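Peer 1:
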Amino acid sequence: MHRLDRDTSGVMLFAKSEELKEKLQNDWKDIVKERIYTALVEGEIKNDTGTISSWLTESKAMKVHSSPKDNGGQHAVTHYRKIRANKDYSLLEVQLETGRKNQIRVHMESLGHPVAGDKKYGAHTNPLKRLGLHASTLAFIHPVTGELVRFSAPVPKAFLLYSK
569 MHRLDRDTSG VMLFAKSEEL KEKLQNDWKD IVKERIYTAL VEGEIKNDTG
619 TISSWLTESK AMKVHSSPKD NGGQHAVTHY RKIRANKDYS LLEVQLETGR
669 KNQIRVHMES LGHPVAGDKK YGAHTNPLKR LGLHASTLAF IHPVTGELVR
719 FSAPVPKAFL LYSK
């Protein structure tokens with residue numbers, strides 16, 4: 569139901585019927601209440617928290633680019649909080665205010681701290697042998713019961729190991 573890059577681990581939502589899929593897709597912005605990711609990024613991020621706000625456009629080469637000024641692209645907002653860091657890597661909790669294609673990856677690159685293993689968006693290292701991105705939490709209003717449901721997946725141990 570929601571887009572995750574191929575190498576991203578964690579919570580994934582699937583619909584059991586075409587009817588439910590359409591309902592979720594049509595009401596996604598209203599239904600989803602929380603999307604939290606954990607990212608292992610290169611380098612030591614100095615700020616404990618931050619917000620990145622930019623406009624994203626996609627090139628013909630299928631790479632998304634970030635601009636601090638409105639360039640006709642889609643506005644994207646990402647909030648992050650440093651969990652821990654060393655000189656080589658920072659472990660971040662990342663919360664999406666918007667959900668654009670490759671948003672976290674592009675925003676981390678724009679900070680000068682690309683997601684580990686993300687060669688497409690500037691990473692120089694690949695300690696996990698995959699993208700250092702994990703969908704930690706997804707909370708949404710259940711489309712049938714109307715109840716708030718929340719699913720979480722623990723952070724992979726390797727993320728913790730490299731950010732010690």
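So that you can map any letter, position 164 of the sequence shown is 732 in our numbering, and since no number is skipped, the others follow by simple counting. The beta-carbon is built from N, C-alpha and C at its ideal position, and this holds for glycine as well. For clarity, every value in this text was computed on a predicted model and none was experimentally measured.
(1) What residues in its chain sit with their C-beta under 6 Å from that of M569, if we drop five residues either side in the sequence?
(2) Drop a sphere of 10 angstroms on the beta-carbon of M676, count the other beta-carbons inside from all chains shown, and report buried for 16 or more, exposed for fewer.
(3) Going along the chain, which residues of its own chain have a beta-carbon closer than 6 Å to the beta-carbon of G611, five neighbours each way excluded?
(4) Please report the residue range of the beta strand (DSSP E) in which H702 lies.
(5) Among F727, E590, K628, which one has its Cα closest to the Cα of Y657?
(6) Give the C-beta separation of L572 and V609 to the nearest angstrom, bearing in mind that I take them to be a contact with Cβ-Cβ under 8 Å.
(7) Would you kindly check if the distance between the Cβ of S731 and the Cβ of R578 is under 8 Å?
(8) Helix, strand or coil for F727, going by three-state DSSP, please let me know.
(9) Is it buried or exposed, L624, if we count other Cβ atoms within 10 angstroms and call 16 or more buried?
(10) Does the pairing of the stretch 634-645 with the stretch 661-668 give three or more beta-carbon distances under 8 Å?
(11) What span of residues does the alpha helix (DSSP H) with I599 cover, start to end?
(12) Does S720 come out as helix, strand or coil in the three-state DSSP assignment?
(13) Compute the beta-carbon to beta-carbon distance between R698 and V683, rounded to the nearest angstrom, for a pair I have assumed lies under 8 Å.
Peer 2: According to the structure shown:
(1) Taking the first residue of the sequence shown as 1, we reach residue 569 at position 1. Since pLDDT at M569 reaches only 48, below the 50 mark, its modelled position is unreliable, and the value read off the structure follows with that caveat. Same-chain partners within the cutoff: L581, A583, L592.
(2) In the sequence shown, residue 676 corresponds to position 108, counting from 1. The residue is buried, with at least 16 neighbouring Cβ atoms inside 10 Å.
(3) If you number the sequence shown from 1, residue 611 lands on position 43. Around G611: H681.
(4) Position 134 of the sequence shown, counted from the start, is the residue given in the question as residue 702. Residue range 701-709 is occupied by the beta strand (DSSP E) that includes H702.
(5) Taking the sequence shown and counting its residues from 1, one reaches residue 657 at position 89. Considering only F727, E590, K628, the residue with the shortest C-alpha distance to Y657 is F727.
(6) For this step, residue 572 is matched to residue 4 along the sequence shown. For this step, residue 609 is matched to residue 41 along the sequence shown. About 17 Å; that fails the 8 Å criterion.
(7) If you number the sequence shown from 1, residue 578 lands on position 10. If you number the sequence shown from 1, residue 731 lands on position 163. A small fix is needed here, since residue 578 is Gly in this sequence, not Arg. Contact annotation: G578 and S731 have beta-carbon atoms that are not nearer than 8 Å.
(8) Here residue 727 refers to the residue found at position 159 when the sequence shown is read from its first residue. In this structure, DSSP gives F727 a helical state, which the three-state scheme calls helix.
(9) Numbered from 1 along the sequence shown, position 56 holds the residue referred to as residue 624. The residue is buried, with at least 16 neighbouring Cβ atoms inside 10 Å.
(10) Yes: at least three Cβ pairs fall under 8 Å.
(11) Counted from its first residue, the sequence shown places residue 599 at position 31. It spans 586-599 - the alpha helix (DSSP H) in which I599 sits, taken as one unbroken run.
(12) On the sequence shown, position 152 is the one that residue 720 refers to. Of the three classes helix, strand and coil, the one that applies to S720 here is strand, per DSSP.
(13) One-based indexing of the sequence shown puts residue 698 at position 130. One-based indexing of the sequence shown puts residue 683 at position 115. The beta-carbon separation of R698 and V683, rounded to 10 Å, does not stay under the 8 Å limit for a contact.
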